[in-house]
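Read in order, the letters of the sequence shown are residues 1382 to 1489 in our numbering.
Idealized CB from N, CA, C, for every residue including glycine.
A quick write-up on the structure given underneath.
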Amino acid sequence: MDDWTDVAATTDFPPGTRRKVDAGGTQIAVFNIDGEYYAIEDICSHEAETLSDGTVDGLEITCPAHQARFSLLDGAPLCAPAYEPIATFRVRIVDGIVQVRDDRFDDN
1382 MDDWTDVAAT TDFPPGTRRK VDAGGTQIAV FNIDGEYYAI EDICSHEAET
1432 LSDGTVDGLE ITCPAHQARF SLLDGAPLCA PAYEPIATFR VRIVDGIVQV
1482 RDDRFDDN
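What follows is the structure, encoded as structure tokens:
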């Protein structure tokens, strides 16, 4: 499977911003942190709250509902009340467009 979803042009996605996209039914939040792009599933593993509205500090995001923190690098929970990781996704730049891909269910 090679289903990449366009997020935004790099020129429209400056450092410190985030975008939300639907990738085949999965809500994904993509972050530009100092020119590097990170993508997570936009749902907290604690109580299915939207993460993309949370506070970003370095490479961590805090859920706005219950203050659980997660790593943007690998989705690891960093404090209670979350104990399960969140999904992270591959990001690439093609012809100036940021793209993300949910490959969790690939056959490969």
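- Secondary structure of residue 1398 (DSSP, three-state): coil.
- With 16 or more neighbouring CB atoms inside 10 Å of its own CB, residue 1404 falls in the buried class.
- Per the coordinates, the alpha-carbon of residue 1395 lies some 7 Å from the alpha-carbon of residue 1413.
- Judged by beta-carbon spacing, residue 1387 lies beyond the 7 Å limit of residue 1448, meaning their Cβ atoms are not closer than that value.
- By the Cβ-count criterion, residue 1474 is exposed, with fewer than 16 other Cβ atoms from all chains shown falling within 10 Å of its own Cβ.
- By the criterion of a C-beta distance shorter than 6 Å, residue 1444 is surrounded in its chain by 1425, 1430, 1432 and 1435, once the five residues flanking it on both sides are discounted.
- Of 1391, 1408, 1422 and 1483, the smallest CA-CA separation from residue 1415 is found for 1391.
- In terms of CA proximity to residue 1470, 1402 leads the group 1402, 1398, 1393 and 1459.
- The C-alpha of residue 1463 is placed about 14 Å away from the C-alpha of residue 1453.
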